[in-house]
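**Student:** Below: one structure in structure tokens.
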Amino acid sequence: MSRIFQPLTDHATWRRWSFMVVGGGLLMPYWFLGMLVLPLLPYGDSVAVTVTAMLVLPTVGTFITGLVPIVRVLEGSMARELLGGPAAALGPGPSRSWESRSRTGAWFSLHLLTGVLVSGPSLAVPPLAFVLLAAPLVRWDESFLDAWGWQVSWQQWFGPAGGLLALAALLAWIVAAGRVMARLAPRFLGPSADERLAESEARAVRLAERNRLARELHDSVGHALSVVTLQAGAAGRVLDTDPAFAREALGAIEDSARSALEDLDHVLGLLREDSTPRTAPQLTLADLGRLLEQTRIAGVRLDAEVDPEVAHVPAAVSREAYRIVQEGLTNALRHAGKVPVRLRVGIRDDRLEIDMSNPLGAPAEGAGHGGGRGLGGIRERVTVLRGRMTAGPAEGRWRMDVSLPLGHG
Numbered sequence: 002m003s004r005i006f007q008p009l010t011d012h013a014t015w016r017r018w019s020f021m022v023v024g025g026g027l028l029m030p031y032w033f034l035g036m037l038v039l040p041l042l043p044y045g046d047s048v049a050v051t052v053t054a055m056l057v058l059p060t061v062g063t064f065i066t067g068l069v070p071i072v073r074v075l076e077g078s079m080a081r082e083l084l085g086g087p088a089a090a091l092g093p094g095p096s097r098s099w100e101s102r103s104r105t106g107a108w109f110s111l112h113l114l115t116g117v118l119v120s121g122p123s124l125a126v127p128p129l130a131f132v133l134l135a136a137p138l139v140r141w142d143e144s145f146l147d148a149w150g151w152q153v154s155w156q157q158w159f160g161p162a163g164g165l166l167a168l169a170a171l172l173a174w175i176v177a178a179g180r181v182m183a184r185l186a187p188r189f190l191g192p193s194a195d196e197r198l199a200e201s202e203a204r205a206v207r208l209a210e211r212n213r214l215a216r217e218l219h220d221s222v223g224h225a226l227s228v229v230t231l232q233a234g235a236a237g238r239v240l241d242t243d244p245a246f247a248r249e250a251l252g253a254i255e256d257s258a259r260s261a262l263e264d265l266d267h268v269l270g271l272l273r274e275d276s277t278p279r280t281a282p283q284l285t286l287a288d289l290g291r292l293l294e295q296t297r298i299a300g301v302r303l304d305a306e307v308d309p310e311v312a313h314v315p316a317a318v319s320r321e322a323y324r325i326v327q328e329g330l331t332n333a334l335r336h337a338g339k340v341p342v343r344l345r346v347g348i349r350d351d352r353l354e355i356d357m358s359n360p361l362g363a364p365a366e367g368a369g370h371g372g373g374r375g376l377g378g379i380r381e382r383v384t385v386l387r388g389r390m391t392a393g394p395a396e397g398r399w400r401m402d403v404s405l406p407l408g409h410g
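If you count the sequence shown from 1, you need to add 1 to reach our numbering.
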């Protein structure tokens, strides 16, 4: 029994009813326009012509109105707020193609037509049902009953039943029409195939950008924090015995922290949609000297040979190669500790070669462990540049060899 009366208390029923009644009201100007045009038509006094014109003219008028781009936005907003259900996810922008405009025009016509078919019974049935329900309690004038074609006995016994049936039929019609409109709304107002493809591509671009930012943040800030941790530990151990080295380490800590803050500020600025565009830190192989110096101050014995010609490689390769070296040094600090690191960066056969190795060892105290993204991030960069990479233990050492084509970028 509760399921029978549930639509009466369901807010969705009356929100959908409101949506359809609004459509019925919007159809009135088109109906009046049809009445103005009707006398101008040939045989306008014919019943067939009148009925046809009063059906066709409003339908054509509403369809043409639906071709206006902003109608899709307004109808989508109303459908989302009032129809709910499958239509709750609608968020259409203005119509940008004739395919979406034609669907919007058809929907607008359907909305207004359904509105009339719901508004009319909503106005007529409740008064009629009231008359039928009150029939046994009222002494009706015979002329009134005759005008409606009712007999007194019928009115006394079947009037209330007819009133309840009329109200139930009206409620069922409102519920059914509302559900059908909620189901049809996404088909008429939803994105087209081209719009879905464009949205999918935009989503893929946003995801790739977020992944790139996460990789940049991991590489730059992760390296800075690893270096800062080791530098702070080294400075603390020699603070009394070697104040000069301690001051140098503290200066390097300041530089590393400032660099990390700049990178972090840049990434947060990109994630803040209302911010003004910022210029990304463009560290390249030309900045490699500063990175190597910070690593040495952290206590790492670094044997580095960098070909001066690498400062002239293409910008895209240079930026990614810098991050690869940075992450490689970070991995050495985290996973092997203060072991000697050998680094070679040079150009061979029109390719940029990066060779890094270090003895296998225990992680340095306070160095911590990374989140496992280091090598994965390097591999992603190498793949984007169509390069080659090998990494793993070999003869008691950890080796990482990267080869990047200079023709890319």
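Every residue, glycine too, gets a C-beta built ideally from N, C-alpha and C.
Predicted, not measured: the structure shown is a model, and the values here were computed from it.
Using 8 Å for Cβ pairs, my map puts residue 39 next to residue 59. What's the rounded Cβ distance?
**Tutor:** About 11 Å; that fails the 8 Å criterion.
**Student:** What's the gap between the Cα of residue 280 and the Cα of residue 222?
**Tutor:** Here the model assigns residue 280 a pLDDT of 49, short of 50, so the residue's position is not dependable, and the following value carries that caveat. If I take the Cα positions, the gap works out to 18 Å.
**Student:** Rounded to whole angstroms, what is the Cα-Cα separation between residue 265 and residue 92?
**Tutor:** 33 Å
**Student:** I'd like to confirm the pairing. Which residues does DSSP put opposite residue 411 in its beta bridges?
**Tutor:** Nothing about residue 411 can be read from this structure; the chain reaches only from 2 to 410.
**Student:** Quick one: grab the DSSP three-state call for residue 97.
**Tutor:** coil
**Student:** Let's test the definition: count the other Cβ atoms within 10 Å of the Cβ of residue 12 and tell me whether it reaches 16, buried, or not, exposed.
**Tutor:** Burial call: exposed.
**Student:** Are the CB atoms of residue 261 and residue 183 nearer to each other than 7 Å?
**Tutor:** With respect to the 7 Å criterion, residue 261 and residue 183 are not classified as neighbours on the basis of their beta carbons.
**Student:** With DSSP collapsed to three states, give me the class of residue 392.
**Tutor:** strand
**Student:** Report the residue from 54, 256 and 354 whose alpha carbon sits nearest the alpha carbon of residue 383.
**Tutor:** 354
**Student:** Using a 10 Å radius around the Cβ and a threshold of 16 neighbouring Cβ atoms, would you call residue 64 buried or exposed?
**Tutor:** Classification for residue 64: buried.
**Student:** Tell me the residue span of the alpha helix (DSSP H) that contains residue 294.
**Tutor:** 289 to 298
**Student:** With contact counted as at least three CB pairs below 8 Å, one residue from each stretch, are the region 113 to 121 and the region 129 to 139 in contact?
**Tutor:** no
**Student:** Please report the straight-line C-alpha distance between residue 300 and residue 317, rounded to a whole angstrom.
**Tutor:** 31 Å
**Student:** I need the DSSP call for residue 358, collapsed to helix, strand or coil.
**Tutor:** strand
**Student:** Counting C-beta neighbours from all protein chains within 10 Å, is the total for residue 207 16 or more, i.e. buried, or is it exposed?
**Tutor:** exposed
**Student:** What does DSSP give as the partner residue(s) for residue 406 in the beta ladder?
**Tutor:** Note: residue 406 is bridge-paired with 352 in the DSSP secondary-structure output.
**Student:** Quick test of your reading: residue 187 and residue 200, contact by CB under 8 Å. State the CB separation rounded to the nearest angstrom.
**Tutor:** Actually they do not touch by this definition, with Cβ atoms about 14 Å apart.
**Student:** Let me know the secondary structure DSSP gives residue 398 once reduced to three states.
**Tutor:** strand
**Student:** I'd like to know whether the C-beta atoms of residue 67 and residue 109 end up nearer to each other than 7 Å.
**Tutor:** yes
**Student:** Need the endpoints of the alpha helix (DSSP H) that residue 78 sits in, please.
**Tutor:** Segment 70 to 79, the alpha helix (DSSP H) holding residue 78.
**Student:** Shorter than 6 Å, the distance from the beta carbon of residue 84 to the closest heavy atom of the ligand COA, or not?
**Tutor:** The ligand COA is not among the ligands present in this structure, which contains no ligands whatsoever.
**Student:** DSSP on residue 285, reduced to helix/strand/coil?
**Tutor:** For residue 285, the three-state secondary structure derived from DSSP is coil.
**Student:** Taking 7 Å as the cut-off, decide whether the C-beta atoms of residue 247 and residue 236 are in contact.
**Tutor:** yes
**Student:** Along the alpha helix (DSSP H) that carries residue 22, what are the first and last residues, could you check?
**Tutor:** 12 to 38
**Student:** For a test of the three-state rule: what should DSSP assign to residue 201, helix, strand or coil?
**Tutor:** Assigned with DSSP and collapsed to three states, residue 201 falls in helix.
**Student:** Could you pull the start and end residues of the alpha helix (DSSP H) that residue 58 belongs to?
**Tutor:** Its alpha helix (DSSP H) spans residues 48 to 67.
**Student:** Does DSSP put residue 115 in a helix, a strand or coil?
**Tutor:** helix
**Student:** Are there 16 or more other CB atoms within 10 angstroms of the CB of residue 48, so buried, or fewer, so exposed?
**Tutor:** By the neighbour-count definition (other C-beta atoms within 10 Å, threshold 16), residue 48 is an exposed residue.
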